[in-house]
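**Student:** Per the numbering used here, residue 6 is the first one in the sequence shown, and the count goes up by one each step. Yeah, the Cβ is synthetic: ideal placement off N, Cα and C, and Gly gets one too. This structure is in structure tokens; I'll ask about it shortly.
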Amino acid sequence: MSVYGSCTIDHDGTGLYSTGLGHGDAMHVSDMDPTRPGLEVWQCHESSAAGATFRDAATGQIIWDHYNAGDVGRAAAAHIDARYVGYQMWSYAAPGTYNTANEQISTARTAMNFLVWWTDDLQRELLDAVGSSGANPILDKWYGDGSGRLISLYSVPTAYSTASNNGTKANPCLSGDILGDWREEIILRSSDNTKLRIFIPHELTTYRLYSLMHDSQYRLAIAWQNVAYNQPPHPSFYLGEGMAPPPTPKIRYAGVSKDGILWQWWKNIPGWSLRTLVEHANYPDTPDGQTTLDRLETPRNWDDHYGSRLRGYLIPPETGDYIFWISADDTAWLFLSPDARGENAQFIAAVPENTGYLQWDKFEQQQSASIPLAAGRKYYIEVLHKENAGGDHLAVAWQGPTLAQQIIEGRYLRPWRGEVFADLNADGWVDGDDLVKFIDMWLLTDCQLPLNIDLNGDCMVNHQDFSVLAGQWLGMTGN
Numbered sequence: 006m007s008v009y010g011s012c013t014i015d016h017d018g019t020g021l022y023s024t025g026l027g028h029g030d031a032m033h034v035s036d037m038d039p040t041r042p043g044l045e046v047w048q049c050h051e052s053s054a055a056g057a058t059f060r061d062a063a064t065g066q067i068i069w070d071h072y073n074a075g076d077v078g079r080a081a082a083a084h085i086d087a088r089y090v091g092y093q094m095w096s097y098a099a100p101g102t103y104n105t106a107n108e109q110i111s112t113a114r115t116a117m118n119f120l121v122w123w124t125d126d127l128q129r130e131l132l133d134a135v136g137s138s139g140a141n142p143i144l145d146k147w148y149g150d151g152s153g154r155l156i157s158l159y160s161v162p163t164a165y166s167t168a169s170n171n172g173t174k175a176n177p178c179l180s181g182d183i184l185g186d187w188r189e190e191i192i193l194r195s196s197d198n199t200k201l202r203i204f205i206p207h208e209l210t211t212y213r214l215y216s217l218m219h220d221s222q223y224r225l226a227i228a229w230q231n232v233a234y235n236q237p238p239h240p241s242f243y244l245g246e247g248m249a250p251p252p253t254p255k256i257r258y259a260g261v262s263k264d265g266i267l268w269q270w271w272k273n274i275p276g277w278s279l280r281t282l283v284e285h286a287n288y289p290d291t292p293d294g295q296t297t298l299d300r301l302e303t304p305r306n307w308d309d310h311y312g313s314r315l316r317g318y319l320i321p322p323e324t325g326d327y328i329f330w331i332s333a334d335d336t337a338w339l340f341l342s343p344d345a346r347g348e349n350a351q352f353i354a355a356v357p358e359n360t361g362y363l364q365w366d367k368f369e370q371q372q373s374a375s376i377p378l379a380a381g382r383k384y385y386i387e388v389l390h391k392e393n394a395g396g397d398h399l400a401v402a403w404q405g406p407t408l409a410q411q412i413i414e415g416r417y418l419r420p421w422r423g424e425v426f427a428d429l430n431a432d433g434w435v436d437g438d439d440l441v442k443f444i445d446m447w448l449l450t451d452c453q454l455p456l457n458i459d460l461n462g463d464c465m466v467n468h469q470d471f472s473v474l475a476g477q478w479l480g481m482t483g484n
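What follows is the structure in structure tokens.
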């Protein structure tokens, strides 16, 4: 859904509705009233008796309005008052400041230009400007019955002399969550138009949220703030006092296969013993080829005289005890780690001589002991396979709390990606630069995250990963 003033376009490009209220100089869209389903719109109107309206974004239904027959040039909406859940609204259509129930919470009315999350609380601050031209930017905070100055951005310090844009609209060049945590930065031009100044929040906050740029509406809003009459960005969820946990962003690394396991092979190695593979000059760093398999099984009758390795991460769907089986021609070893680290992998099953295709019980060694695993965690898994000549095959099966014996499917696997552990900027050292990158990813939750970010393999970036990173601090030597 896209909202263009009075017009709203549905997700398929067709018209959804029009309010018929004409042009407006300011509009805000978000989940302003968390007690109602969906999003709301607060908009002022230039040539309609509606003045300023609060409406349902999906249907266009006017929830309430401030009647005013004149040109209402500005309106703003944000959660600025911790005494009330939801947004507060104010405009030139009516005196004072209102909550989502159209109750006047103050006779005071503050700036109506830009909004910034800046301090250590969940309330948003007010970005405006002073002076006859409206070019001297300031940042104010609402204190319950009016606002007070936080920073005079045009003179802090004097050497940073800055200016806002568009006269009395007092726009920054850009504001948004572009660095650090979820609070927003302010980008202003220098007064002589030779530089851009970036101002960042400096207070620590106890509120831990995903980066706002993970929200698709907020990302689009970074663009919309420089369209037409320059409006501040809003996320698709309510951010403020009494908020519910924000939706978990769905993060996946572009260009990387989501499911499956990495298969690498080395050709022209005669013999059936796995020693001929692991002692080969090109093993393990220079395979002859590799691809991603969509299950833990290689193609049958693929080639002769080769060795291969399958490696990646196993993600159990349930917590409980699991048993593993391996079948192969000619020989194979199966390893599983108690965590996501490959160096901790332990030998759990083997094929000492060739078995039939998917024959799981020819040798006692083909079956592992019962192994306790936790749902949603990543466990490093690796298989080594050696084929001499004739028919060849390899497969690994498992059985879990509610899983019957079956070949391990790709949805329970993630391919190994070859990262250097904790060296996020790939400079050969784990140091402060890596810590900065790590903090940017704080509280990400996704089993697609590679191990150089999700350092303990639990599919979440949190204090446990920080402890692991701290243990690696300055512990690498550029290799």
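#1: What's the C-alpha gap between ILE412 and THR19?
#2: Do VAL121 and ILE192 count as a contact pair if the criterion is CB distance below 8 Å?
#3: Rounded to the nearest angstrom, what separates SER166 and ASP445 at their Cα positions?
#4: Just how far apart, CA to CA, sit TYR223 and ASN235?
#5: Could you tell me how far apart the beta carbons of LEU460 and VAL435 are, in whole angstroms, since I believe they sit closer than 8 Å?
#6: Return helix, strand or coil for ASN430, following the three-state DSSP convention.
#7: Check whether the stretch 139-159 and the stretch 168-184 are in contact - that is, three or more C-beta pairs closer than 8 Å.
#8: Assuming HIS33 and ALA81 are in contact, meaning their beta carbons sit under 8 Å apart, how far apart are those beta carbons, in whole angstroms?
#9: Across which residues does DSSP place PHE340 in a beta bridge pair?
#10: In whole angstroms, what separates the C-alpha of HIS239 from that of TRP123?
#11: ASN107: buried (16+ other C-beta within 10 angstroms of its C-beta) or exposed?
#12: Could you name the residues that DSSP lists as bridge partners for LEU131?
#13: Short of 7 Å in beta carbon distance, which residues of its chain neighbour PRO357, apart from the five on each side in sequence? Order them along the chain.
#14: Between the Cα of THR115 and the Cα atoms of ASP125, VAL135, GLY381, which residue gives the shortest distance?
#15: Report the rounded CA-to-CA distance for PHE59 versus MET37, giving the unit in angstroms.
#16: Per DSSP, which one or two residues make a beta bridge with SER96?
#17: State the CB to CB distance for the pair SER278 and HIS390, rounded to an integer number of angstroms; the pair is presumed to be in contact (CB under 8 Å).
#18: For TYR212, name the three-state secondary structure that DSSP assigns.
#19: Pull up the distance between the alpha-carbon of ASN287 and that of PRO237, whole angstroms please.
#20: Buried or exposed: which applies to SER221, given that a residue is buried once 16 or more other Cβ atoms fall within 10 Å of its Cβ?
#21: I'd like to confirm the pairing. Which residues does DSSP put opposite HIS33 in its beta bridges?
#22: In the DSSP assignment, find the unbroken alpha helix (DSSP H) run with TRP229 in it and report its ends.
#23: Specify the secondary structure class of MET218 as computed by DSSP and reduced to three states.
#24: Is it right to say TYR148 is buried, meaning 16 or more other beta carbons lie within 10 angstroms of its own, or is it exposed?
#25: For ASN484, which residues in the same chain have their Cβ closer than 6 Å to its Cβ, ignoring the five residues on either side in sequence?
#26: Would you call THR482 buried or exposed, if buried means 16 or more other Cβ atoms sit within 10 Å of its Cβ?
#27: Looking at LEU418 and ILE266, is the spacing between their C-beta atoms short of 8 Å?
#28: Do the stretch 73-93 and the stretch 207-214 touch if we need at least three Cβ pairs shorter than 8 Å?
#29: Over what stretch of residues does the alpha helix (DSSP H) that includes GLN469 continue unbroken?
#30: For LYS383, count neighbouring C-beta atoms within 10 Å of its own C-beta (all shown protein chains included) and say buried if the count is 16 or more, exposed if not.
#31: Looking at the structure shown, is ILE444 part of a helix, part of a strand, or coil, going by DSSP?
#32: Relative to the C-alpha of PHE242, which residue among TYR311, ILE376, THR40 is closest?
#33: Pick helix, strand or coil for ARG416, following the three-state DSSP scheme.
#34: DSSP beta-bridge partners for ASP61?
#35: Taking a contact to mean a Cβ-Cβ separation below 8 Å, would you say THR102 touches ALA87 in this structure?
**Tutor:** Once the coordinates are examined:
#1: Taking the first residue of the sequence shown as position 1, residue 412 is located at position 407. Taking the first residue of the sequence shown as position 1, residue 19 is located at position 14. If I take the Cα positions, the gap works out to 46 Å.
#2: Along the sequence shown, one-based indexing puts residue 192 at 187. Along the sequence shown, one-based indexing puts residue 121 at 116. No.
#3: Position 161 of the sequence shown, counted from the first residue, corresponds to residue 166. Position 440 of the sequence shown, counted from the first residue, corresponds to residue 445. Taking the straight line from one Cα to the other gives about 29 Å.
#4: The residue labelled residue 223 in the question sits at position 218 within the sequence shown. The residue labelled residue 235 in the question sits at position 230 within the sequence shown. If you take the alpha carbons of TYR223 and ASN235, they lie about 14 Å apart.
#5: Here the question's residue 460 lines up with position 455 in the sequence shown. Here the question's residue 435 lines up with position 430 in the sequence shown. LEU460 to VAL435, Cβ: 10 Å. No contact.
#6: As a first step, residue 430 must be located in the sequence shown, where it is residue number 425. Coil at ASN430, not helix or strand.
#7: Contact between the stretch 139-159 and the stretch 168-184 is present: three or more C-beta pairs spanning the two stretches fall below 8 Å.
#8: Start at 1 with the first residue of the sequence shown, and residue 33 comes out as number 28. Start at 1 with the first residue of the sequence shown, and residue 81 comes out as number 76. Yes, they are in contact, since the Cβ atoms of HIS33 and ALA81 sit about 7 Å apart, within 8 Å.
#9: Reading the sequence shown from its first residue, position 335 is the one you call residue 340. Beta-bridge pairing links PHE340 to PHE352, GLU387.
#10: Taking the first residue of the sequence shown as 1, we reach residue 239 at position 234. Taking the first residue of the sequence shown as 1, we reach residue 123 at position 118. Distance between the alpha carbons of HIS239 and TRP123: 14 Å.
#11: Numbered from its first residue, the sequence shown carries residue 107 at position 102. Looking at its Cβ environment, which holds fewer than 16 other Cβ atoms inside 10 Å, ASN107 is exposed.
#12: The residue given as residue 131 occupies position 126 in the sequence shown. Paired residues: LEU120, ASP145.
#13: Taking the first residue of the sequence shown as position 1, residue 357 is located at position 352. Excluding residues within five positions, the ones whose Cβ falls inside 7 Å are THR336, PHE368, GLN370.
#14: Your numbering for residue 115 matches position 110 in the sequence shown. The shortest C-alpha separation from THR115 is found at VAL135.
#15: Position 54 of the sequence shown holds residue 59. Position 32 of the sequence shown holds residue 37. Answer to the nearest angstrom: the Cα atoms are 10 Å apart.
#16: One-based indexing of the sequence shown puts residue 96 at position 91. BP columns for SER96 point to ALA80, ALA99.
#17: Here residue 278 is taken as the residue at index 273 of the sequence shown, counted from 1. Here residue 390 is taken as the residue at index 385 of the sequence shown, counted from 1. Contact flag wrong, Cβ pair sits at about 12 Å.
#18: Here residue 212 refers to the residue found at position 207 of the sequence shown. In the three-state scheme derived from DSSP, where H, G and I count as helix and E and B as strand, TYR212 is classed as coil.
#19: Translated into the one-based positions of the sequence shown, residue 287 becomes position 282. Translated into the one-based positions of the sequence shown, residue 237 becomes position 232. One alpha carbon belongs to ASN287, the other to PRO237, and they sit about 57 Å apart.
#20: Start at 1 with the first residue of the sequence shown, and residue 221 comes out as number 216. SER221 should be labelled exposed.
#21: Taking the first residue of the sequence shown as position 1, residue 33 is located at position 28. Paired residues: TRP47.
#22: Taking the first residue of the sequence shown as position 1, residue 229 is located at position 224. It spans 221-229 - the alpha helix (DSSP H) in which TRP229 sits, taken as one unbroken run.
#23: The residue labelled residue 218 in the question sits at position 213 within the sequence shown. In the structure shown, MET218 sits in a helix (DSSP, three-state: H, G or I).
#24: For the purposes of this step, residue 148 is taken as the residue at position 143 of the sequence shown. The residue in question, TYR148, is exposed, as its Cβ has fewer than 16 Cβ neighbours within 10 Å.
#25: Against the sequence shown, residue 484 aligns to sequence position 479. Confidence at ASN484 is low in this model, with a pLDDT of 32, below 50, so the placement of that residue is unreliable and no value is reported for it.
#26: The residue you call residue 482 lines up with position 477 of the sequence shown. For THR482, the pLDDT reaches just 40, beneath the cut-off of 50, and the residue's location in the model is therefore unreliable, although a value from the coordinates is still provided. Within a 10 Å sphere around the beta-carbon of THR482 sit fewer than 16 other beta-carbons, which makes this residue exposed.
#27: Counting from one through the sequence shown, the residue named residue 266 turns up at place 261. Counting from one through the sequence shown, the residue named residue 418 turns up at place 413. The Cβ atoms of ILE266 and LEU418 lie closer than 8 Å to each other.
#28: Not touching, per the Cβ criterion.
#29: Taking the sequence shown and counting its residues from 1, one reaches residue 469 at position 464. According to the DSSP assignment, GLN469 belongs to the alpha helix (DSSP H) that extends over 468-477.
#30: In the sequence shown, counting from the first residue as 1, residue 383 sits at position 378. When all chains shown are included, LYS383 counts as buried.
#31: Your numbering for residue 444 matches position 439 in the sequence shown. ILE444: helix per DSSP, three-state reduction.
#32: Numbered from its first residue, the sequence shown carries residue 242 at position 237. Selected option, being the one with the closest Cα: THR40.
#33: Stepping through the sequence shown from its first residue, residue 416 is reached at position 411. Of the three classes helix, strand and coil, the one that applies to ARG416 here is helix, per DSSP.
#34: Along the sequence shown, one-based indexing puts residue 61 at 56. Answer is GLU45, bridged to ASP61.
#35: To locate residue 102, count along the sequence shown from 1; it is residue 97. To locate residue 87, count along the sequence shown from 1; it is residue 82. No, these two residues do not count as a Cβ contact at 8 Å.
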